[in-house]
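Counting from 123, one number per residue, gives the positions in the sequence shown under the working numbering.
The beta-carbon is built from N, C-alpha and C at its ideal position, and this holds for glycine as well.
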Amino acid sequence: MTFSSGVRFGTPLEAWRMKRPLPLILSLVLLLALVICSDAEAAVIVFANQTGQPVTFAIVPSGEKIQAYRIAAGDVLPVPVRGRATVRFASGDNVVDRQAAPNSICTFSGTDRLDLAEQRFGGEDTSEANTPLVFSAATDPLDRVGTLPVMILVDEDEPAVRRLWEARLRARVEDASKIFEHHCRMRFEVVAVGTWKSNDAVTDFSLSLREFEREVRLKPPARLAIGFTSQYRKPNERRVHLGGTRGPLHSHLLVREWSQHITEPERLEVLVHELGHVLGASHSAETTSVMRPVVGDRQSRARGFRIGFDPLNTLAMYVFCEQLRLGGARRLGDFSPGSRALLSSVYETMRRQLPDDPAASQYLVLLERASEQPVPQGHVSLGTATQLVVRAVTRAAQANQARPPRATSDSNPTARLEGDALANYYVRAAARQATKLPDAVATKAFLLGLAVALDRSDDTNERPTLGNIHRGQETLQARRARLTVLGRPTIHGREDLLLHFAVSAALCATIGPEGTETIATLKEVSDSHGASGFSFADLAADLAGIELARRLDQSKLSLDAFAESFETSRFVPPPAALPKDMTYDSFKEAYGSHDDPRLHERRQSLRRQVLAMPGYADAPAH
């Protein structure tokens, strides 16, 4: 994969009566079992000015000195913070104070009366504790600038003597460095200068990049080799690539240093574009951003044109550079979980804005792969283990979203998964992660993590305990990112059956089969008073989840087998033949109450139907 720029020439019953009550029950139970912890960490607010005039504003951070800022018209300015802050600015004759969440984008608009719009990445509660960006940075100066050491090299086709080309390229790297220092507090320092011999017969850009990577090795302390090739033979390419690299944090970057057609501002823009890819920038839908898919379109030749980044890429690069500056990260896998979650949310936004461009989708896949790290051996708490399972399902969802959509008659095996196939995919992803965990927590973390990961409820204000459990298992940025990409997984074409199945399995792992079955039955009795009615199909899915948890606990089902070939339809009875939507009067007439022998016998019949499903019939019974 090459990221490149181009040029175109030319529990109480009241709780059960609430909307979708099962996640609430799960939250109440899991809240007792899982440890919630979060460090106060540095964050950023990215400001954009769309007013046409410079804007002066102040940041009033909690417990810190008020800081004044000025942002030029059309510019983007990142402001480091340690949590939620107040933005103070003049709007007409009034002074306005607006709350701004960390890790958000705030855009000024208007003329005589300014307005400030906020774009958040992570949900309504974006307090400091729930928006981790980097490693703990309580003592780090918020305005400190990092340095990335680089090598610059030319090939043998460079016509100028070294004194001239070295001065020219050092000046260009310095100009690029100023742009990055403004957007993400990172400078490029040239620590070595050299040459390499290129093959004039190679005109395909990807092959030229591969040759450069093979011929030039990094010399410490350099972290990046920037090559400038002066071969002028016009390549046989549909779109001429002026530069390229292989993605975030790659070690090599190649730029075509042509003497004709390309002006110095265009060369600078190509260099900034490719350096942006190295530091996490993706292609942007904003036509004046340096990260628009095709640069070299002569925009940078215009007087007054500013080479700069759009707000989304500024936020993404800021996260990248904080990981480099504070954490010493050398690969995406070294990034903190909160940073990866935030980046996933940003890239998903860019993917939706530019759906035909593959860059953001590729970044999401790279993040998903980078997050698949070995689990530390030894003691791993249940809370940590559950978080790992939730993240594994989220990574699977991100990878699925990066696939092309499936057409109505499409049988393409690489197309995006939906419905039952998507549920199977998520269960397998959760099981694969659980197999890497210590035996003491693997099964319970699999069941708890899968239930949390499949829950897509978003009404945490009505159900605060659900908000608590999600804050324990994932940051709000991660939760919002998960909900964005989760899709609609089902069992037998029904989302609610999948949730019944997963939640009952998790409850069984926490409070045991008898208590879970009682809760499931009472929940259906409660539903008979409302619009949904008593459903034996739902109860069958509950019993199937209970049986799944029991078999896993007794090692009569295997997580290893689930990771390879789990099929939900083999475990949950089809709902078509099972009664549903029973009113309370109908239920009372047929079954009396929740502890009536008639209902007990009906549950026994359902249980026998569950045990006859292939997933259980092929495994030993209790």
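Per DSSP, L311 forms a beta bridge with which residues? As written in the sequence, residue 311 is Glu, which differs from the Leu given in the question. Note: E311 sits in a beta bridge opposite P271.
Candidates R336, R462, K319 and L238: closest to V217 by CA position: L238
If contact is defined by three or more beta carbon pairs under 8 Å, each pair taking one atom from either stretch, is the stretch 445-462 in contact with the stretch 481-492? yes
Need the endpoints of the alpha helix (DSSP H) that T233 sits in, please. Unbroken run through T233: none, as it is neither H nor E.
Anyone know if the C-beta pair for A573 and Q520 falls short of 9 Å? no
Quick one: is G316 buried, meaning 16 or more other Cβ sit within 10 Å of its Cβ, or exposed? exposed
Here's a check: name, in chain order, each residue in its chain whose Cβ is nearer than 7 Å to the Cβ of V400, leaving out the five neighbours to either side. L346, T367, P370, L371, H372 and L375
In chain order, each alpha helix (DSSP H) run of at least 4 residues that lies wholly inside the stretch 669-712: 681-687
So, V694 versus I641, is the Cβ gap smaller than 9 Å? no
Which same chain residues end up closer than 7 Å to A671 when comparing Cβ atoms and leaving out the 5 residues on each side of it in sequence? L569, A627, C630 and A631
Nearest-angstrom Cα distance between L681 and D740? 15 Å
In three-state DSSP terms, what is E388? helix
Just the Cα atoms here: how many angstroms apart are H363 and R462? 29 Å
Excluding the 5 residues flanking A407 on each side, which residues of the same chain have their C-beta closer than 7 Å to its C-beta? Q475 and L476
Completely contained alpha helix (DSSP H) runs for the stretch 522-558, where each covers 4 or more residues: 541-556
Could you tell me which residues DSSP pairs with L375 in its beta bridges? I348 and T367
With F179 as the anchor, note down where its beta strand (DSSP E) starts and where it stops. V177 to P183
With C-beta atoms as the reference, is P200 less than 9 Å away from C306? yes
Pick from S657, A685 and E723 that is closest to D703, judged by C-alpha positions: S657
So V166 and N225 are supposed to be a Cβ contact under 8 Å. How far apart are they, rounded? 6 Å
In terms of residue numbering, what span does the beta strand (DSSP E) encompassing E636 cover? Where E636 is concerned, there is no enclosing beta strand (DSSP E), although the alpha helix (DSSP H) it sits in stretches over P635 to D649.
Give me the Cβ distance between A195 and N171, rounded to the nearest whole Å; I'm assuming they're in contact under 8 Å. 6 Å
Member of V394, G214, R220 and E379 whose CA lies at the smallest distance from the CA of P281: E379
S727 by DSSP, collapsed to three states: which one? helix
From A507 to L397, what distance separates their C-alpha atoms? 36 Å
Please classify E280: does DSSP put it in a helix, a strand, or coil? coil
Beta-bridge pairing of L199 - partner residues as DSSP gives them: F169
Does the beta-carbon distance from T690 to D664 come in below 9 Å? no
Give the straight-line distance between the Cα atoms of Q578 and G609, rounded to the nearest whole angstrom. The question names Gln, but residue 578 is Arg in the sequence shown. R578 and G609: Cα-Cα distance of roughly 9 Å.
Run through the DSSP bridge pairs and tell me what R616 is partnered with. I613
With DSSP collapsed to three states, give me the class of I193. strand
Under 7 Å Cβ to Cβ from L291, same chain only, skipping five residues before and after it: list those, please. I274 and F350
Determine the extent of the beta strand (DSSP E) in which D219 is found, giving its start and end residues. N216 to A222
Please list, in chain order, all residues of the same chain as C443 whose beta carbon is under 7 Å from its beta carbon, the five residues on each side excluded. G268, C306, R307, M308 and L401
What are the residues that DSSP puts in a beta bridge with F656? M704
Nearest-angstrom Cα separation, counted from S466 out to L539: 19 Å
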